[in-house]
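With the first letter of the sequence shown counted as 1, position 272 gets the number 416 in my numbering; the numbers rise by one all the way through.
Glycine included, each C-beta is placed from N, C-alpha and C at the ideal position.
Bear in mind the structure is a predicted one, so any value in this text is a computation, not a measurement.
Encoded as structure tokens, the structure appears first; notes follow it.
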Amino acid sequence: MKRKRKTTETAPSKRAKTDGIRGVNDSATVKDDTGTEFPVLARFYRRVVTLRQYLLSELPPSSRKRRKRIAVAGLEEGVEHGRQPVENGNKSLAKLLDSTIVGVPEERDVGQDFREKAIEVFTQQLPQSTLGSNVSPSSLVYSEVVEFVIWLLFRRHSSIQRPPHLLCHGFQRALAEGQNGLRLNAAPGIPGIVAHQPNNHVDQVKSPTWCCLLPLLGRGGDRIMIDLLFHCGIFLPLEEKAGNLWQLSGPPLCEMKPRQAVKSGSRKEPPQLGKQAPRQGNRAPAPGINRPTAIKFVRNRMLYARAALNAKGSVRFGMRHIHVLNRYPDRGDREHTIHIMNYIFPRQFGLHNVFTSKVDYRDTAQPFKDYTLREREIARVRHEQYVKSGAREDVDSFKTNIPKRLRGQPLELVGKFRALHQACSYTELLRHYCPVKVSLFNPAPINDMTTLFCFLTPSQTLPAAAAKSIYVNTSASAKVMEENPSNLASAHEICFTDLACPVSDVSAFCRAVLCKVVPKDFWGEGATRSWNMHVFMRHVDQFIALRKFESLTLHEVMQDLKIADITWLQPPKVNATSKMSQSDFLKRRELLMEFVYYLFDSFLIPLIRSNFHVTESNVHKNRLFYFRHDVWRTLAEPSLTILKPAMFEEMKTDNAQKLLAKRSLGYSHIRLLPKATGMRPITNLRRRVQVRRGGNVILRRSINSVMAPTFNVLNYEKSTQPARLGSSLFSIGDIFPKLRAFRGSLQARGLADAPLYFAKLDVQSCFDTIPQQRLVQLLQNLLSTNDYRISRHAEVRPPQTHYDQAGASISARPLIKFVAHGRAAGNLLPFEQLMRQEFASGKRGTVFVDSVLQSVQHKEDVLGLLREHMERNIVKIGKKFYRQKQGVPQGSVVSTLLCNFFYAQLEDQCLGFLRKADCLLLRLIDDFLLITLHRADAERFVQVMYEGVPEYGVSVKKQKALVNFDVEIQDVKVMKHPAAATFPYCGISIDTATLDVSRVPDRKTTSTDICDALTVDVTAVPGQTFHRKALNALKIRMHKMFFDTAFNALPTVLTNLYHTFHESAVRCYGYLKSLPPNRQPPPGLLIKTVAELVGLALAMMKRRTASKKGWPGYECTVGKRQTKWLACKAFQDVFQRRQTRFAALLAWLDSGLVEAWPTSRVERGLLDGVVGG
């Protein structure tokens, strides 16, 4: 008998033969028709496969027959031994298996044993089931599989939380039946669960096609389907060519956390679809602990503070009376010192803190809680310790235990902290470091606020309804100007921001206070103390100099501090020269982080709030100005005195509070924004106001969030009744289709060469002058249906690829956008069909996630809320409540729509003579523009608007009127635009002969102006942030109307392109200039960014979309060489200011200019003309 020889070759098995069928390999890579690999899903799931591949991977290798059934389900033999979908009813099954995408998560929450026990409990609770209650369940029918998954999801989560799963939306536990006025029906087949809204996702999962899967899987198929529905995400194609998907089942993608991003070139590559990625190690901190990099100081708490006044009504400087250092003045009381230590080291005393505690967003809208007052929390924890200790003495006599690491020297230093605070003269330090200066008139400091009136703008007249610009009006200033007329010209030129304290002075004041109040032993001894104080003060200076939306992290402050030589951090009875263990080092670092966070969050920010009013300005964008409180009161009080009687009427406090208690709308605050020579009132209706309920202070919904459903209703009417909007423009881009149609009409009639007359007018204070009663009458006739359905969905877009400081590519987080929309209540389109018709057009690689939950708004409720919002809009100024008696609330989410509907009626009633083919009337909110062939129509339009329309509250700003022809109205000559060839309108320039659209270059291109408008991120990865912001800034400026060569002349398009690149270059230069030296991106990343800007601009110009936002006939003939040359030239013009610093970039730009320089003399002359012009 021959011995069998060993062989290294493996004979092909039947499974390999079956699985080798084209398109059904369970390890194949899944791609859409565009060749992409669904980058959104790859960031959330470990493995992404088709449904057929998933089922094959779940079946055991020994189940050859079942694997073959799945592999060939819905397919038949093709011409080349392949498989093609059959033409019978199984075609839908093949489409389901091959087009459905399954995202497999990292881990499965439910084990097999728990699942089997849950199935047994579930089947016993059913009144009728496929199994008897005494028999161990072996299988479930498919409908019971879906119902079991829903039941198990509710069982796995607490009674308060809603299970984060799409199949559970619209269901809730039976214990909540009848609550909140919900109509609840028992969900058939789901014990203890009731349905209050239909869930179309459940209905689709139970469809006949899905039911066919269970017989194909055979024995154990119900367990496979349970795991699929319970753990995995299921997605269906929405637009195959664009790679868009919509989620059918699983945890909502918008609520999941993305997987850890990886750098290109590393061994841990992102998971490819259809393949399982290796598991990555988790270096994250322990659950519930925030990294120092994630802890940002909440700087916006120091904005817009009001002054604290003494009994005489004067400003009181220094820390407020509610600050913990002022509430306990007895320095000899040890318990008071321990109480203050609870504020400084809350983590050590078991209190709420930024390191280990979660933020309750019912208490604050900020990322971290405000710890100014925490007496109730300390009393609660103290009482718990008293009960736990079993002490017999009174709770008031109970002494708080001090953590071991805070005994001895830390307690002494906190006591010294209290003593130095009480000995510090905050007022004198403020007068020394931040004196009031008006350099235009008197370089000497001014300490008497009545003297400050001498340097302010003289009296100004204000229209009946307060204008947007409010000027200071005081008798003192008028008297001074009367006595000394020579000061008149200079007073008109003074800017309010000149009265703010310089940032360097504010920083010097804060650093001086910290040096005097904080004991120096907190920073160590000798050289360590000097170094730590230097590092800390450097970050204080940086903190104060940051722009409005910039912040500082705790990690950045702690980065250079030396810990080892700080004695109060050392454990008791430990030799200072002994080597630190890792646990000891981490504990010392933990204590020092708590102390540093307290100094920034609970000392420095309150110090700034109590002494300065911090605000941005209308001119300098994001730059912050620090006004001493006494100076700000001198500037603001006269403005508010004029504003109150013009727009508001005072309400009694009791009446206002009763009204607020019984309605959902809250009240808003008014603040003043400095302008060049005055103030502008700003109302923030997005702010959540604190209210007291049941002894607790919570945040109620903002006014705009309450009005959001009403906005969706008005937005629906806007889309269904476009004629009711007249000539309204909702963005400057809306002007292009109307200009194209108007010019096409002129060309069709042979009037393309006829002269055109332009007239531009601006309505005075449009939001503040709209008659409320007339607007309410308009709205009653506007709403076209009795009921509206409001729904909400999320759009998860692919992440952009960015670069870190070393130039390595990083996959960023996916972009998530929540969209609410309204429609008629009778419109019951399925979610996928609604997305396909209205939202998916023009998007690529986007995943749409339905919230399932919907609300129905009745017409009477919408009108009632609008009437309440307009007629009884309550504003709080200081401590008093006022009702807005005229106009619509500024800052409201519905104000722009209401204004457009209202002025459309004005156009219909008063400007009907312009409704003809020879006239084009445009209006962007309150900015009117008329283009007409007839001069008489233009003159009549200007005449009507100059006279005003009192019934509509319309009066124009005559100083802003502009025409391109000579005309006099009421014996006053209207301003004529000096350039006869072009006419400006809302940031663009229109050719008066050809209607070509060009970009008006920004004249404020100085580095200071650009830096004021930027938001520089220096705390995270600066290279990634710079790259992302550069691309996003270019996208905003790449509007198609500037680059359509079918409408604009080629020189105009090239000029627009050059100006676009030049603005991007100026912004990039300003951004890099604002970065510190150690945060500068490498030259390779700068070159890569400019190269990608060129590619992005070319792609956006050439891209043709079939969306509603695209325009038929769009064409762009600009070539790649022209685009690259203009980009290189624009960046060279800007960056050659610092040739040494950007030598590598400039060398690359020079080579790019040579490479892209055209060979044709005509093209060269064209480019030279663009750059030279």
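List the DSSP bridge partners of glutamate 794.
Reading the sequence shown from its first residue, position 650 is the one you call residue 794. Partner(s): Tyr1026.
Work out the CA separation of alanine 1271 and glutamine 1280 for me, nearest whole Å.
As a working mapping, residue 1280 is identified with position 1136 in the sequence shown. As a working mapping, residue 1271 is identified with position 1127 in the sequence shown. Near 14 Å, if we compare the C-alpha coordinates of alanine 1271 and glutamine 1280.
Does the segment 442-456 come within contact of the segment 506-515, defined as at least 3 CB pairs closer than 8 Å?
yes
Between the C-alpha atoms of phenylalanine 744 and glutamate 738, what's the straight-line distance to the nearest angstrom?
The residue given as residue 744 occupies position 600 in the sequence shown. The residue given as residue 738 occupies position 594 in the sequence shown. Those two C-alpha atoms are separated by around 10 Å.
Which one of Arg450, Lys788 and Arg549 has the shortest CA to CA distance from arginine 772?
By one-based count along the sequence shown, residue 772 stands at place 628. Of Arg450, Lys788 and Arg549, the residue nearest in Cα terms is Arg450.
Report the rounded CA-to-CA distance for histidine 699 versus proline 942, giving the unit in angstroms.
Within the sequence shown, numbered from 1, the residue matching residue 699 stands at position 555. Within the sequence shown, numbered from 1, the residue matching residue 942 stands at position 798. Distance between the alpha carbons of histidine 699 and proline 942: 30 Å.
So is glycine 1309 buried or exposed if we call it buried at 16+ other beta carbons inside 10 Å?
Here the question's residue 1309 lines up with position 1165 in the sequence shown. Answer is exposed; the Cβ neighbour count stays below 16.
For arginine 655, I'd like the list of residues in its chain whose CB is within less than 8 Å of its CB, leaving aside the five on either flank, ordered along the chain.
If you number the sequence shown from 1, residue 655 lands on position 511. Taken in chain order, the residues that qualify are Met681, Val684 and Asp685.
Relative to the C-alpha of asparagine 486, which residue among Gly552, Val468, Val503 and Val338 is closest?
Reading the sequence shown from its first residue, position 342 is the one you call residue 486. The shortest C-alpha separation from asparagine 486 is found at Val468.
Would you be able to state if there are at least three C-beta pairs under 8 Å between the segment 468-482 and the segment 777-797?
No, the segment 777-797 does not touch the segment 468-482.
Which value, in whole angstroms, describes the spacing of the CA atoms of phenylalanine 266 and phenylalanine 292?
Along the sequence shown, one-based indexing puts residue 266 at 122. Along the sequence shown, one-based indexing puts residue 292 at 148. Their Cα atoms are separated by approximately 7 Å.
Return the chain-ordered list of same chain residues with a C-beta closer than 8 Å to the C-beta of isoleucine 433, the five sequence neighbours on each side being excluded.
Start at 1 with the first residue of the sequence shown, and residue 433 comes out as number 289. Only Phe499 and Thr500 meet the Cβ criterion.
Between which two residues does the alpha helix (DSSP H) carrying alanine 262 extend?
For the purposes of this step, residue 262 is taken as the residue at position 118 of the sequence shown. First-last of the alpha helix (DSSP H) with alanine 262: 256-269.
Is proline 490 helix, strand or coil when you go by DSSP?
As a first step, residue 490 is located in the sequence shown; it is residue number 346 there, counting from the start. In this structure, proline 490 counts as coil in the three-state DSSP scheme.
Anyone know if the C-beta pair for serine 243 and threonine 353 falls short of 8 Å?
For this step, residue 243 is matched to residue 99 along the sequence shown. For this step, residue 353 is matched to residue 209 along the sequence shown. Against a cut-off of 8 Å, the Cβ pair of threonine 353 and serine 243 comes out as no contact.
When we look at the beta-carbon of glutamate 1259 and count the other beta-carbons within 10 Å, is it buried (16 or more) or exposed?
On the sequence shown, position 1115 is the one that residue 1259 refers to. Glutamate 1259 comes out exposed.
Run the CB neighbour count on methionine 795, radius 10 Å, all protein chains shown included, and call it buried at 16 or more, exposed below.
Position 651 of the sequence shown, counted from the first residue, corresponds to residue 795. Counting Cβ neighbours within 10 Å, methionine 795 comes out buried, since at least 16 surround it.
Quick check: what's the CA-CA separation for leucine 202 versus isoleucine 334?
In the sequence shown, residue 202 corresponds to position 58, counting from 1. In the sequence shown, residue 334 corresponds to position 190, counting from 1. Rather than leucine, the amino acid found at residue 202 in this sequence is glutamate. Between glutamate 202 and isoleucine 334, the C-alpha separation is close to 27 Å.
Which residue wins for smallest C-alpha separation from arginine 363, given the options Leu240, Gln1030, Lys209 and Val248?
Taking the first residue of the sequence shown as position 1, residue 363 is located at position 219. The option with the nearest alpha carbon to arginine 363 is Lys209.
Going by C-alpha distance, which of Phe1025, Ile1154, Asp1005 and Asn766 is nearest glutamate 694?
The count along the sequence shown starts at 1 and reaches residue 694 at position 550. Looking at the Cα atoms, Asn766 is the closest of the given residues.
Three or more C-beta pairs closer than 8 Å, one from the segment 979-995 and one from the segment 384-403: is that the case here?
Under the 8 Å Cβ criterion, the segment 979-995 counts as touching the segment 384-403, having at least three qualifying pairs.
Starting from serine 1142, follow the beta strand (DSSP E) in both directions and report where the run begins and ends.
Position 998 of the sequence shown holds residue 1142. For serine 1142, the uninterrupted beta strand (DSSP E) run begins and ends at 1141-1143, by DSSP.
Going by other Cβ atoms of all chains shown within 10 Å of its Cβ, with 16 needed for buried, is valine 701 buried or exposed?
Residue 701 sits at position 557 when you count from the first residue of the sequence shown. Answer is buried; the Cβ neighbour count reaches 16.
Taking the DSSP output, what are the residues bridged to glycine 377?
Walking along the sequence shown from the start, residue 377 turns up at place 233. For glycine 377, which the question treats as bridged, DSSP gives the partners Gly247.
For the beta strand (DSSP E) that contains alanine 903, what are its first and last residues?
The residue given as residue 903 occupies position 759 in the sequence shown. Its beta strand (DSSP E) spans residues 901-906.
Measuring CA to CA, which of Val1111, Pro853, Val248 and Thr1126 is closest to valine 1086?
Within the sequence shown, residue 1086 is the residue found at index 942, counting from 1. Checking every option, the nearest Cα to that of valine 1086 belongs to Val1111.
Need the endpoints of the beta strand (DSSP E) that isoleucine 1069 sits in, please.
Taking the first residue of the sequence shown as position 1, residue 1069 is located at position 925. Taken as a continuous stretch (DSSP letters only), isoleucine 1069 belongs to no beta strand (DSSP E), as it is neither H nor E.
From which residue to which residue does the beta strand (DSSP E) around histidine 465 run?
In the sequence shown, residue 465 corresponds to position 321, counting from 1. Counting along the chain, histidine 465 falls outside any beta strand (DSSP E), and DSSP gives it neither H nor E.
Suppose contacts are defined by Cβ-Cβ distances below 8 Å. Is leucine 1175 in contact with leucine 1240 by that definition?
Taking the first residue of the sequence shown as position 1, residue 1175 is located at position 1031. Taking the first residue of the sequence shown as position 1, residue 1240 is located at position 1096. Going by C-beta atoms, leucine 1175 is nearer than 8 Å to leucine 1240.
Nearest by alpha-carbon distance to methionine 1014: which of Tyr860, Asn925 and Phe792 is it?
Within the sequence shown, numbered from 1, the residue matching residue 1014 stands at position 870. Looking at the Cα atoms, Phe792 is the closest of the given residues.
Can alanine 386 and lysine 1246 be called in contact, C-beta distance under 8 Å?
Numbered from its first residue, the sequence shown carries residue 386 at position 242. Numbered from its first residue, the sequence shown carries residue 1246 at position 1102. No, the pair does not count as a contact, with Cβ atoms beyond the cut-off.
From glutamine 908 to glycine 1031, what does the alpha carbon distance come to, in whole angstroms?
Start at 1 with the first residue of the sequence shown, and residue 908 comes out as number 764. Start at 1 with the first residue of the sequence shown, and residue 1031 comes out as number 887. The alpha-carbon atoms of glutamine 908 and glycine 1031 are separated by roughly 12 Å.
Ends of the alpha helix (DSSP H) at glutamate 202?
On the sequence shown, position 58 is the one that residue 202 refers to. Here the alpha helix (DSSP H) through glutamate 202 covers 195-202.
Below 6 Å CB to CB, which residues in the same chain sit around valine 758 once its five sequence neighbours on both sides are set aside?
Walking along the sequence shown from the start, residue 758 turns up at place 614. So the list reads Met446, Leu447, Leu768 and Tyr770, once near-sequence residues are dropped.
Would you list the one or two residues that DSSP bridges to cysteine 645?
Here the question's residue 645 lines up with position 501 in the sequence shown. Tyr770.
Judging by CA-CA distance, which residue of Arg562, Phe379, Ala186 and Thr544 is the nearest neighbour of methionine 463?
Here residue 463 is taken as the residue at index 319 of the sequence shown, counted from 1. Ranking the options by Cα distance to methionine 463, first place goes to Arg562.
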